[in-house]
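In this note's numbering, the protein residues as written are 3 to 174. Heads up: the structure comes next, in C-alpha cells.
Here's what the structure looks like:
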C-alpha cells in the first residue's frame, strides 16, 4: 500500500551565530531526516541572514531557509518534533500547502468578486452621467415653457373671467 503524501511549506530560522560549515552540516542532516521519514524536498531556498524583530533565545539575527516538502501525513508530527529538538533551529513554521492554496483561492475569488462589483458600479455611474445631461436639458426646457410671460393672444373672454374671479376674491 502506497503512503499518501501531502505537500508542506516549511520555513526555519537557524541561529545567526552558526558558521557556514555548521549550517551546511545541519541542512544535510535535516534533508537526511526528511528522507528517512519517507519525504522528499521539492524546493529549497536559502533566504540568508536577517535581523530579527525581537531577540529569540538570545539571538538578534537568524538564517532563514524555506522548503517545499512532500511528506506522508503520519510523519509530519515526527518531523515537527525533530525540528523542535534541534538546538540550531530557533523558530519554524510548517504549513500544509493544500490549506494555503485553498486560502489563496478564497482570497482570489473575493478579489474577483470585488472587481466585478467595482466594474458594475463604474458602469452604472457612467450610464447615470450620460442620462443626467438629458434630464437637465428637459428640466431647462420645462422651466422656459412654464416661466414664459403670458402671451397677448389670450382671448378677451378669458381676461374678463380672470378679472371677475379677482374681484370676487378681493370682496371676501
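Glycine included, C-beta positions come from ideal geometry on N, C-alpha and C.
Its chain contains 28, 65, 90 as the residues whose beta carbon lies nearer than 8 Å to that of residue 20, once the 5 sequence neighbours on both sides are disregarded; these appear in chain order. By the neighbour-count criterion, in which 16 or more other beta carbons inside 10 Å mark a residue as buried, residue 100 falls on the exposed side.
Inclusion of residue 34 and residue 70 in the CB contact set at 8 Å is not warranted, their separation being larger than that value.
A straight-line Cα-Cα distance of about 12 Å links residue 97 and residue 105.
For the options 25, 110, 42, the alpha carbon positioned closest to that of residue 7 is the one of 42. Taking C-beta atoms as the reference points, residue 14 and residue 85 count as a pair closer than 8 Å.
The DSSP-derived three-state label of residue 37 is helix.
According to the DSSP assignment, residue 42 belongs to the beta strand (DSSP E) that extends over 42-58.
Residue range 158-173 is occupied by the alpha helix (DSSP H) that includes residue 166. By DSSP's assignment, residue 11 forms a beta bridge with 70, 97.
Residue 87 counts as exposed, since fewer than 16 other C-beta atoms from the protein chains shown sit within 10 angstroms of its C-beta. Of 54, 110, 60, 32, the smallest CA-CA separation from residue 82 is found for 32.
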